[in-house]
Amino acid sequence: MRKHDSFGIILAFFSYIFIVMLLFYAAVGMISAAEKYNLLLIGANINAPILIGVVACLFFFVILFIQLIFPSLHLNVFDFKFSLMAKYAFIALVILVAMITAIYFGGLKEIAGNLEGLLLVIGATVSIAGLFFSGYSIRVYRRQITSFGEFSRRLKSMVEETSGDDSDDYTRIMAYTPIPGSLALNNKDYHALRDSITNRTARIEVICLTQENLSSWFYKFSGRRYQYGKLEEEKIRKSISDVEDLIKNIDEPFSGEKESFAAAHKVLRLRAEELPDFYLFFNDSRAIIAAPFFIPGVGKGSDIVSSEETPKFSAEPIEIIGFETTDRKVISSVRKYYESVREKYSGQLRETRPEQ
0 MRKHDSFGII
10 LAFFSYIFIV
20 MLLFYAAVGM
30 ISAAEKYNLL
40 LIGANINAPI
50 LIGVVACLFF
60 FVILFIQLIF
70 PSLHLNVFDF
80 KFSLMAKYAF
90 IALVILVAMI
100 TAIYFGGLKE
110 IAGNLEGLLL
120 VIGATVSIAG
130 LFFSGYSIRV
140 YRRQITSFGE
150 FSRRLKSMVE
160 ETSGDDSDDY
170 TRIMAYTPIP
180 GSLALNNKDY
190 HALRDSITNR
200 TARIEVICLT
210 QENLSSWFYK
220 FSGRRYQYGK
230 LEEEKIRKSI
240 SDVEDLIKNI
250 DEPFSGEKES
260 FAAAHKVLRL
270 RAEELPDFYL
280 FFNDSRAIIA
290 APFFIPGVGK
300 GSDIVSSEET
310 PKFSAEPIEI
320 IGFETTDRKV
330 ISSVRKYYES
340 VREKYSGQLR
350 ETRPEQ
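Note that numbering that gives the first Met the number 0 has the sequence shown beginning at 0, numbered continuously upward.
In C-alpha cells:
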C-alpha cells in the first residue's frame, strides 16, 4: 500500500504555498499599478472579477508548469490524479482569492504597511522552501544505481508500495530472472527482497527466461569470482531451484488473496533472444532501468566476458549501471514497451510455463 510520508506532505504543502505567495505578490503588483495610474474602480467593482480571473488562470498555469518540469514533486502525496490535484488546487486558489480580495477592498497601502514585516518573513521562508523542494525534486527525479545491493533495496521498496494496493497498480518485472544479481547478493538483501515478492499481499507480474534458458544462463557463471568467493556448481544449482520456486510462487501463489491477481497476470517466460539486454522494473509512480555488468550471454552467441577475464570485484564494485526515475514520460514509455512485449508473446503464456 502506498504510504503518504509526512516529509512528502510537507513538501507538497510548501509547493502550494510557494505558488500562492508568488501569485499574491503578482496581484499586489497589478493592484499597485492600477492605483498608480488611477485604473482601480473600486466603486464600480469592475476590476475585481477581472483581476481574480487573471490570477486564477496564472495559478493553474503554474500548477501545470510544475507538473511538467518537476513531475516527482508530489510523488506518493497527490500522485497528480486529477481529482486530488483539483481538490488541493481549489483550496489553495480560494486562499489566494481571499488574500487578493482583502487587499483590493481593504486598501493596499494600509494592509501592506501593517503586514510589511510579516510579508517579508513569509516571502523569505517560502523562497527558501521553493529552492529546497526544487532541489529535492531533482534528486528524487533520477537516482543512480551501481550495485546489486542498492538495486535490491529499491526493488523491495517498489514491491512494497503496491503490495495490498486497492488500486490497479502493481509491480512489473522484465528481466532474465525476477531477482537479478541473486548470485551476488548477500543473504540479508536477497531474503529481504524475496520475502517482499512472496508476501501474501504482493502484486507482481513477471516476464523472464524460460526454464531451459534460465538454467543454461546460471551455469555460465560457474567458476566466476564475486565478493564472497567463487561461484561453485552447488550454489548455482541451489539458486536455480530457488528462482524456479519463486517463479512458481508468483504464478501459483499459496495465498488466497493473490490467486485472483495471479490468474490475470501469469508469468510470461521467453527465450533469451526474445528479451532485451536491459532490465525493467516499474509501477505507476516509478521505474528502474538497469543493465548489469560482467554477465554471460545465453542464446545470443559467445559470452560477453569469459570467466578468466572477469575481474575480482573490489570492496565497492560497480556491478550494475542503472537509475530509478519518477519521470512520468519515461514510465509511460517503459509501460508501452513492456505491454508490447507481453502482447506480442501472449500466446506463449501456457507454452512457456514449466511443467509440473
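Every residue gets a Cβ at the ideal spot worked out from N, C-alpha and C, and that includes glycine. Keep in mind the model is a prediction, meaning the values are calculated, not measured.
For GLU315, which residues from the same chain have a beta carbon less than 7 Å from its beta carbon, with the 5 sequence-adjacent residues on both sides left out? Note that GLU315 scores 44 on pLDDT, short of 50, meaning its location in the model is unreliable; the coordinates nonetheless yield the value given after this. Excluding residues within five positions, none has a Cβ falling inside 7 Å.
In this structure, does DSSP put THR145 in helix, strand or coil? coil
C-alpha gap between ALA271 and THR200, whole angstroms: 30 Å
Leaving out five residues before and five after TYR278 in sequence, what residues of the same chain have Cβ atoms less than 6 Å from its Cβ? ALA174, PRO179, ALA289
Leaving out the 5 sequence neighbours to the left and right, which residues in its chain are closer than 8 Å to SER151 when beta-carbon positions are compared? ILE178, GLY180, LEU184, ASP188, TYR189, ALA191, LEU192
Kindly list the residues whose CB is nearer than 7 Å to the CB of GLY291, restricted to its own chain and excluding five residues on each side of it in sequence; keep chain order. This sequence places Pro at residue 291; Gly is not what is there. Around PRO291: PRO179, GLY180, GLU318, ILE319.
Rounded separation between LYS247 and PHE89 - CA only: 48 Å
With a threshold of 16 other CB atoms inside 10 Å of the CB of GLU204, please say whether the residue is buried or exposed. buried
What's the call for GLY148, buried or exposed, on a 16-neighbour Cβ count within 10 Å? buried
Span separating the alpha-carbon of SER71 from that of THR325: For SER71, the predicted model reports a pLDDT of 47, less than 50, meaning its position is unreliable; a value from the coordinates is still stated below. Whole-angstrom Cα-Cα distance: 6 Å.
Alpha helix (DSSP H) segment containing ILE196, residue limits: 186–197
Between which residues of its own chain and LEU182 is the CB-CB distance below 8 Å, once the five residues before and five after are set aside? PHE217, PHE220, TYR225, LEU230, LYS234, ILE235, SER238
Are ILE287 and LEU154 closer than 8 Å when you measure CB to CB? yes
Beta-carbon proximity list for PRO310, same chain, < 6 Å, skipping 5 on both sides: Interpretation of PRO310 is limited by its pLDDT of 42, a score under 50 that renders its predicted location unreliable; no figure is taken from the coordinates.
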